[in-house]
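Residues 1220 to 1513 (my numbering) are what the sequence shown spells out, left to right. Glycine residues also receive a C-beta, built at the ideal position from the N, C-alpha and C atoms.
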Amino acid sequence: MINRTFRYQESASWFKGNTHLHTTASDGGNTIVEIAELYAEAGYDFIFITDHGVCSNVEQSSPVAPPLLLLNGIELDGQDSKGSYYHVVCLGSVNVIFSNYNLEEAMILAKEQGALRILAHPRWCGNTMEEANRHDFDGVEIYNHVCHWLNGKSDGLTYWDNMLAKNPATLSFAADDAHLLSEHPGFNGGWIVINASELNEESVLKAIKMGQYYSSCGPDFKSIRLQGSILEIETSPVQFIRLAGPGNKGWRTGSFTGNLLTRTSIELPENWDYMYLEIEDGKGKRAWSNTLFV
Ligand SMILES: [Zn+2]
Ligand SMILES: [Zn+2]
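Structure below.
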C-alpha cells in the first residue's frame, strides 16, 4: 500500500457525543432543553439534534447556558429518483430544506452547505448494498439503538464493509436515534467519541469529517498510536481486540477464558486496502475505530 496516512493524530482530548436524536420538533418525546439535560447527566459532551425534516436551530431553541454542546442537523427521508427508500442524517447547519422537500435535491443542498450525509439504519430501511453505494454518502450507521429495540435490525457493519470496498474513507457511526417515547424508548446505547483539541461546533465537525473518533456500544479506546509499522492501542478492559480488513482478512487477540486486556501491539499488514479495529468487552458490547489510514 502506497501513500497511506495514519488517521488518528491524537494530540487532544476525547469527547463523547451522539449524532442522531429526535425532539418534540418532530416525533421525539423531549424538548431540546430536556434532552440536553438527559445527555449531559449521562456524561455526554455534545449532541446533534436531527429531527425529521426539520433543520434544527440550536442557537434559538436551547437554554442560555446549555449543559453540553448542542449542534445542528436534520434527518431526511424519502425516495430517490429510482424509487429507493432512504433515511439520511445530515450533520451541520442546513437551512434551505422545506417541508415538502425532494430527497435527492435536499441531499444536494445539504452537501453544498457543508453537511455530512450519513446513511441511517440501512438494514431497518431494507436498503440493498447497491443503494448504500449510490449517493456517495460520507458515512453509514453501523449501530442504531432504536432499531435494535424495534426489530433488532440495528447492524450496518455489512453495509460499511461493502461501502469501504468502494470508498475506503467511508465513516462509521454508532448512534441512539433516541425518541424517548414509550413506543421508542432507550438512549445511551450507541455513541461516538471524538478526539479534538477543544469542544466547539467547528472542532467537532472537523474531527468527524477527519474520522478522528471511534464508535461504541460499551468499551472505550484510550489511545490508538502508530510507531513505524506497529500499532499500539490502549482500551478499557476488553475480552477481544481485532483488526478487520477486506473479506476474511483479520487479526485478533484475547481469549474465551475471561481474562481481560487493556493494551496490545499489532504489526500492521502492508497490503490490505483498508483496516479498522474492533474491541469487545466481557458483555459482548463492541466499539469500532474508523479505517486506520486515509
Ligand atoms: Zn430514521
Ligand atoms: Zn431518526
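- Between ligand 1 and D1396, a heavy atom-to-CB distance of less than 8 Å is present.
- In the DSSP assignment, L1462 falls outside any alpha helix (DSSP H) and within the unbroken beta strand (DSSP E) covering 1459–1463.
- Distance check between K1385 and each of Y1258, M1348, S1455 places M1348 closest, using alpha-carbon atoms only.
- Judged by beta-carbon spacing, D1357 lies within the 9 Å limit of T1389, meaning their Cβ atoms are closer than that value.
- Cβ atoms of L1369 and W1410 stay farther apart than 8 Å, at about 19 Å.
- If you draw a straight line from the Cα of M1326 to the Cα of D1395, it comes to about 22 Å.
- Rounded to the nearest whole angstrom, the CA to CA distance from A1415 to L1335 is 18 Å.
- Judged by their CB atoms, P1286 and V1277 are not nearer to each other than the 9 Å cut-off.
- For T1377, the uninterrupted alpha helix (DSSP H) segment begins and ends at 1376–1385.
- Taken atom to atom, the span from the alpha-carbon of N1346 to that of Y1305 is near 7 Å.
- Counting other Cβ atoms within 10 Å of its Cβ, P1341 reaches 16 or more and is therefore classed as buried.
- CA-CA distance, L1289 to T1476, rounds to 42 Å.
- At least one heavy atom of ligand 2 is found less than 8 Å from the C-beta of E1294.
- Rounded to the nearest whole angstrom, the C-alpha separation of L1399 and N1249 is 7 Å.
- At a threshold of 8 Å, T1269 counts as near ligand 2, since its beta carbon sits closer than that to one of the ligand's heavy atoms.
- Looking at the backbone, the Cα of E1360 and that of S1391 are separated by about 6 Å.
- Less than 9 Å divides the Cβ of H1364 from the Cβ of A1393.
- Within the stretch 1418–1460, the runs of beta strand (DSSP E) that reach at least 3 residues and sit entirely inside it are, in chain order, 1432–1435, 1440–1446, 1449–1457.
- Sorting V1423, L1511, T1224 by C-alpha distance to the C-alpha of I1443 places L1511 at the top.
- If you ignore the 5 residues before and after F1267, its C-beta comes within less than 6 Å of the C-beta of T1238, L1290, G1292, L1310, all in its own chain and listed in chain order.
- In the three-state reduction of the DSSP assignment, K1468 falls in the coil class, being assigned neither a helical nor a strand state.
- Annotation: D1299 to S1245 spans about 22 Å, alpha carbon to alpha carbon.
- Distances taken from the Cβ of A1339 to the heavy atoms of ligand 2 include one shorter than 8 Å.
- Secondary structure at C1274: coil, using DSSP grouped into helix, strand and coil.
- In this structure, L1295 and G1272 form a Cβ contact; the two beta carbons are roughly 7 Å apart against a cut-off of 8 Å.
- Nearest to V1308 by C-alpha distance, out of I1337, L1328, S1280, is I1337.
- Taking the Cα positions, R1223 is about 10 Å away from Y1493.
- Between the stretch 1480–1491 and the stretch 1448–1464, the count of Cβ pairs shorter than 8 Å is three or higher; the stretches touch.
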